[in-house]
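Protein chains in written order, with my numbering: chain G, 1 to 177; chain S, 1001 to 1177; chain H, 2001 to 2177; chain W, 3001 to 3177. Beta carbons are placed, not taken as given, at the ideal position from N, Cα and C, and that holds for glycine. Since the model is a prediction, treat every value here as computed from it, not as a measurement. Everything on this sheet refers to the single structure shown next.
There are 4 protein chains.
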Amino acid sequence: MTTQVIVLNGGSSSGKSGIARCLQAVLPDPWLTFGCDTLVDAMPAAMRTASEGIEIADDGKVAVGPAFRTLEAAWIEGIASMARAGARIIVDEVFLGGPASQERWHKALKDVGVLWVGVRCDSTVAAGRETARGDRAAGMAASQAELVHQGVLYDMEVDTTHTESLECARVIAARVG
Amino acid sequence: MTTQVIVLNGGSSSGKSGIARCLQAVLPDPWLTFGCDTLVDAMPAAMRTASEGIEIADDGKVAVGPAFRTLEAAWIEGIASMARAGARIIVDEVFLGGPASQERWHKALKDVGVLWVGVRCDSTVAAGRETARGDRAAGMAASQAELVHQGVLYDMEVDTTHTESLECARVIAARVG
Amino acid sequence: MTTQVIVLNGGSSSGKSGIARCLQAVLPDPWLTFGCDTLVDAMPAAMRTASEGIEIADDGKVAVGPAFRTLEAAWIEGIASMARAGARIIVDEVFLGGPASQERWHKALKDVGVLWVGVRCDSTVAAGRETARGDRAAGMAASQAELVHQGVLYDMEVDTTHTESLECARVIAARVG
Amino acid sequence: MTTQVIVLNGGSSSGKSGIARCLQAVLPDPWLTFGCDTLVDAMPAAMRTASEGIEIADDGKVAVGPAFRTLEAAWIEGIASMARAGARIIVDEVFLGGPASQERWHKALKDVGVLWVGVRCDSTVAAGRETARGDRAAGMAASQAELVHQGVLYDMEVDTTHTESLECARVIAARVG
C-alpha cells in the first residue's frame, strides 16, 4: 500500500519537527506536516490552562482533559480524511498515553497506508536541547523521553542522539512506499 | 440546523484572526480555529516561494499554483470531516478567487450548518493596520480589501473599520444556532 | 534640541508597538525600536518566572525583582548611549512604577532630546484587544490601563480608543524636532 | 579581568543561539543575550529589504548597506555601555566582514573583559540544520560557515558538529573569569 501518512512519535525536544521539515525537503512529492501544536494552537486560549483542556505543570508534566479529547478525536478524523482525499501527511505526535494514543490514530487510519516511526533521543541529550531551545517548560523532555514509547509498535525507529535530523529523514524517506 | 462551522472571509489585516479569537472567548462551547495560515505553515518551505505553491509579490499580490490547489482541496475535505465528527470550527479565510473560493468550501460543507460571515474593513484603514503589524508584505491589505468579497454570498457581514473585534464577535455569536 | 528618543508609555494592549512600527514607517530617518519585551527576551529563561526576575500572576499582574532592576538599569544606560552615538530610538515602555519608572529613564537621558508620549486606551477596549491578540495573560490590559500613567509627565498624549495607530503616529511625528 | 562580555561568532545555523541560552542556564549570574537578530528586528521593516539596510538574496547571501552600518555602530556602543554599567552580556554575532566586523566590537569593548569564542560547525551539517529549522533562507548556513571565521582571532573555539550546545556552553563557562 502506498504510504499516505507518516506518523512520527517521540518526546518533546526529541527532534520530530526537524525531521518532519527535512522529510518535506527530501521527499519528491509535497507533504503536509501537522503536529499536536497545530491542534493546541487551534484551541481557545482558555483551554490551554483549564482542567478541561491541557495543563503543563511546573515540572513539565502534561495533563489533558475531556474537552481536549473530544476535539482531538475530531482532529484525527479530519487528518484521516485529508489523507483519503489524496494529501500525503506527516503527523508529528507525542503519544502521552502510549498504546492508547496510538490506537486512536490506528482506528482512524485503518484504510490508509501508514508508516509508524519512533523518534528516540537519549533523555539527557533531549533535556539539553530543551535548554538550548529555551521555549519549552523545563522538564518536558526528560519526563516524556521514555514514556511515549512504552507499548507503542513501530515500522521503524530513528535515534537523534547522535544522528542529524536530515540523515534520519533520509532513512525514513527510503522506506516510504 | 446547528451552526457547526463559522466561515470568516476577509482581506489581509481586516481583523479576521482577532474576531476568531474573540469568538472562541465568547462562545460557550470550545471552538477550534483554523486559517489559511495553518495550511500554508503545513506546506513544505519550498512551496511558499515556488510557482507550484504560493507566491507573494513585492506589491503584496498573492498567486497560487496547482500543487497548492490539490493540497487545499484535501485540507477543506478534512475540515469538513472534523465538523461532521462533532468539532465546532471557525475558518479564517481569504477568498482570493471570490465565488470560486467559496464554492470549494460550500461543496465540502453541504451537509453541515455553516454561518457565512464577511469581514470588511476600509482599504485605507486595513493598510494602516498592516503597517502597524509590520509582519506582512506591504500592499496585501489594499489589494485584497474589495477583491475577496466580489460575488461572495454571506449570512451576515461585520465591518471592523470602526468596530472592535470583540464587539464584532458578539454580534456574530448572537447568530450562532 | 533635536528629538533623539521617543518614549511611548502605555499599558499592555494600548497599541504602543503598533504606533512604534507606524512611526518607523512615517518618519523620514531610520529609527530603531526597543521595548520592554526586548529586555525580557534577553534575560535568562529562569528569570521570567523567578522571584528575582519577572513574574506574571494569573490575573495579569506583573511583579519585578531586584535582579531585574539591576539588568534594567544597565539596559537603560545602553539605550541612552546608543542615542548619544547618533541612533534615533523609539522606546516602547510600560511604567509599572509610574513616576519612579520615568525617573530611571529621565536620569539616563538627561542630555538627550526626548519626546515623552503617553499612549492611552480605554480599559475595556484594551481588554478586548488583549482577547483578540490571544497571546497575553488575561487581565494585564485592564490592570495597567490607568496605573502606568499615574504621576507621569508627558510632552503629548495620544488615545488609541477611537484613533488608528497610523494616525496616532502621524500626530507624534509632527512633533519630532 | 572579569569577563563582562562573551562574543559568540559563527555562521547561520552553527548553533550560537542554543549555546547562548545554555550559557544563561549554566552560568551562576544572570547574563543578557543579544544577537544580530535583536538589532535587525529593531530596524524599520523597510530597511530589511532596502539597499540601504539589509538584503538577503535567494541564495542566502546577506548584504548590508550604509544606513545599517550607522545604526549598528550605535548599537555596539550601547552594548558596551550596558557592560560598563554592570550587565554581563552574551553577544551572538555573525562576522560577515571577518576581521573588520571583529574590529568594530573590539574598539567599543576595549576597556571591558571579553571572551572571544568561535562557534564552528561543518558546512554540510549546518546546511542540514538549516533545512530542519525551516525558517531561514536556504543557503545562508553554507555560504557563511567558513567566511565568518576568516582572519578572526579567538580566545577559544567550540565545534557543534558532534557536540551538543549544552556541552559547548559548559566548556565556555569554565573559561569565564
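G:G134: contacting residues in chain H (beta-carbon distance under 7 Å): Your numbering for residue 134 of chain G matches position 134 in the first sequence. A2045, listed in chain order.
Where H:F2034 sits in the DSSP three-state scheme: Counting from 1 along the third sequence, the entry for residue 2034 of chain H is found at position 34. DSSP places H:F2034 within a strand segment (E or B) once states are collapsed to three.
Reduced DSSP secondary structure (H/G/I, E/B, other) of G:R21: Working through the first sequence from its first residue, we reach residue 21 of chain G at position 21. Helix at G:R21.
Residues in the segment 2015-2030 of chain H having any Cβ partner in chain S nearer than 7 Å: Cβ contacts with chain S: G2018, R2021, C2022, A2025.
is_contact[W:A3138, chain S] using C-beta, thresh 9 Å: The residue labelled residue 3138 of chain W in the question sits at position 138 within the fourth sequence. So yes, W:A3138 belongs to the interface.
Burial state of H:D2135, where buried means 16 or more other Cβ atoms lie within 10 Å: For this step, residue 2135 of chain H is matched to residue 135 along the third sequence. With fewer than 16 other Cβ atoms within 10 Å, it is exposed.
Interface residues of chain S facing G:L71 [CB-CB closer than 8 Å]: On the first sequence, position 71 is the one that residue 71 of chain G refers to. Residues of chain S passing the Cβ test: P1030, L1032, A1087.
Which listed residue (S:G1035, S:G1065, S:D1122, S:G1011) has its alpha carbon closest to that of S:R1048: The count along the second sequence starts at 1 and reaches residue 1048 of chain S at position 48. Of the candidates S:G1035, S:G1065, S:D1122, S:G1011, the one whose C-alpha sits nearest the C-alpha of S:R1048 is S:G1065.
Sub-9 Å separation of G:K16 and G:D92 beta-carbons: As a position in the first sequence, residue 16 of chain G is number 16, starting the count at 1. As a position in the first sequence, residue 92 of chain G is number 92, starting the count at 1. Yes. Within cutoff.
In DSSP terms, what S:W1116 is bridged to: As a position in the second sequence, residue 1116 of chain S is number 116, starting the count at 1. Beta-bridge partners assigned by DSSP to S:W1116: S:V1007.
Continuous beta strand (DSSP E) stretch holding G:E93: start and end: Within the first sequence, the letter at position 93 stands for residue 93 of chain G. Here the beta strand (DSSP E) through G:E93 covers 88-93.
Simplified DSSP state of H:M2047, which is helix, strand or coil: Taking the third sequence and counting its residues from 1, the one referred to as residue 2047 of chain H is at position 47. The answer is helix: DSSP assigns H:M2047 an H, G or I state.
Chain S residues whose Cβ lies nearer than 7 Å to that of G:A74: Taking the first sequence and counting its residues from 1, one reaches residue 74 of chain G at position 74. For G:A74, the chain S residues whose Cβ falls inside 7 Å of its Cβ are M1082, A1085, G1086, A1087, in order along the chain.
Any chain S beta carbon closer than 9 Å to G:I79: Mapped onto the first sequence, residue 79 of chain G falls at position 79. Output row for G:I79: interface = yes.
Inter-residue CB distance, G:L27 and G:V176 (contact presumed, cutoff 8 Å): Within the first sequence, numbered from 1, the residue matching residue 27 of chain G stands at position 27. Within the first sequence, numbered from 1, the residue matching residue 176 of chain G stands at position 176. About 7 Å separates the two Cβ atoms, so the contact holds.
Three-way DSSP call (helix, strand, coil) for W:M3001 in this model: Here residue 3001 of chain W refers to the residue found at position 1 when the fourth sequence is read from its first residue. The three-state reading of DSSP puts W:M3001 in coil, since its state is none of H, G, I, E or B.
Whole-Å CB distance - H:W2105 paired with H:V2007, under 8 Å assumed: By one-based count along the third sequence, residue 2105 of chain H stands at place 105. By one-based count along the third sequence, residue 2007 of chain H stands at place 7. The beta-carbon separation of H:W2105 and H:V2007, rounded to 6 Å, stays under the 8 Å limit for a contact.
Outcome for G:Q102 when other beta-carbon atoms lying within 10 angstroms are tallied against a minimum of 16: Taking the first sequence and counting its residues from 1, the one referred to as residue 102 of chain G is at position 102. Taking every protein chain shown into account, the CB of G:Q102 has 16 or more other CB atoms within 10 angstroms, so this residue is buried.
Alpha-carbon to alpha-carbon, G:R69 and G:K110: As a working note, residue 110 of chain G is residue 110 in the first sequence. As a working note, residue 69 of chain G is residue 69 in the first sequence. Spanning the two alpha carbons is a distance of roughly 20 Å.
CA nearest to the CA of S:T1038, picked from S:A1050, S:I1090, S:C1022, S:A1067: In the second sequence, counting from the first residue as 1, residue 1038 of chain S sits at position 38. Of the candidates S:A1050, S:I1090, S:C1022, S:A1067, the one whose C-alpha sits nearest the C-alpha of S:T1038 is S:I1090.
Test item: CB-CB of S:A995 and S:A1132 under 9 Å: Here chain S comprises residues numbered 1001 to 1177, so residue 995 of chain S is not present and cannot be evaluated.
Proximal chain G residues relative to W:L3178, where beta-carbon distance stays under 7 Å: A question about residue 3178 of chain W goes unanswered here, because the residues of chain W that appear run from 3001 up to 3177.
Exposure label - W:T3002; buried when at least 16 CB within 10 Å: As a working mapping, residue 3002 of chain W is identified with position 2 in the fourth sequence. Around the beta carbon of W:T3002, fewer than 16 other beta carbons lie within 10 angstroms, which makes this residue exposed.
Per-residue burial, S:A1046 [other beta carbons within 10 Å of its own, 16 or more giving buried]: Sequence index remark: in the second sequence, residue 1046 of chain S carries index 46 (1-based). With fewer than 16 Cβ atoms within 10 Å of its Cβ, S:A1046 is classed as exposed.
CB contact flag (H:P2030, W:G3035, <9 Å): Here residue 2030 of chain H is taken as the residue at index 30 of the third sequence, counted from 1. Here residue 3035 of chain W is taken as the residue at index 35 of the fourth sequence, counted from 1. Not closer than 9 Å, so no.
Chain-ordered neighbours of H:T2038 on chain W, where CB pairs are closer than 9 Å: For the purposes of this step, residue 2038 of chain H is taken as the residue at position 38 of the third sequence. Chain W residues near H:T2038: F3034, T3038, D3041, A3042.
Neighbour-count burial assignment, W:T3124, 16 or more Cβ in a 10 Å radius: In the fourth sequence, counting from the first residue as 1, residue 3124 of chain W sits at position 124. Taking all protein chains in view, the Cβ of W:T3124 is surrounded by fewer than 16 other Cβ atoms within 10 Å, so the residue is classified as exposed.
Runs of beta strand (DSSP E) lying entirely within the segment 3114-3157 of chain W, each at least 3 residues, in chain order: If only complete runs of 3 or more residues are kept, the segment 3114-3157 of chain W shows the beta strand (DSSP E) at 3114-3120, in order along the chain.
Distance CB(W:V3005)-CB(W:V3171) smaller than 9 Å: Taking the first residue of the fourth sequence as position 1, residue 3005 of chain W is located at position 5. Taking the first residue of the fourth sequence as position 1, residue 3171 of chain W is located at position 171. Going by C-beta atoms, W:V3005 is not nearer than 9 Å to W:V3171.
Any C-beta of chain H under 9 Å from that of S:V1171: Translated into the one-based positions of the second sequence, residue 1171 of chain S becomes position 171. Not a single C-beta of chain H is nearer than 9 Å to the C-beta of S:V1171.
H:V2176: first and last residue of the uninterrupted beta strand (DSSP E) it sits in: Here residue 2176 of chain H refers to the residue found at position 176 of the third sequence. Per DSSP, H:V2176 lies in no beta strand (DSSP E) segment and is marked neither H nor E.
Selection from G:G139, G:D159, G:H162, G:V148 that minimises the alpha carbon distance to G:A57: The residue you call residue 57 of chain G lines up with position 57 of the first sequence. Shortest Cα-Cα distance from G:A57 to any of G:G139, G:D159, G:H162, G:V148 involves G:G139.
Cα-Cα separation, H:S2165 to H:G2128: As a first step, residue 2165 of chain H must be located in the third sequence, where it is residue number 165. As a first step, residue 2128 of chain H must be located in the third sequence, where it is residue number 128. If you take the alpha carbons of H:S2165 and H:G2128, they lie about 16 Å apart.
Secondary structure of H:A2085, DSSP reduced to three states: Taking the third sequence and counting its residues from 1, one reaches residue 2085 of chain H at position 85. In the three-state scheme derived from DSSP, where H, G and I count as helix and E and B as strand, H:A2085 is classed as coil.
Where W:A3063 falls: helix, strand or coil (DSSP): Counting from 1 along the fourth sequence, the entry for residue 3063 of chain W is found at position 63. Per DSSP, reduced to three states, the secondary structure at W:A3063 is strand.
Per-residue DSSP class, three states only, for G:D159: In the first sequence, the residue the question calls residue 159 of chain G occupies position 159. Here DSSP, grouped into helix, strand and coil, assigns G:D159 to strand.
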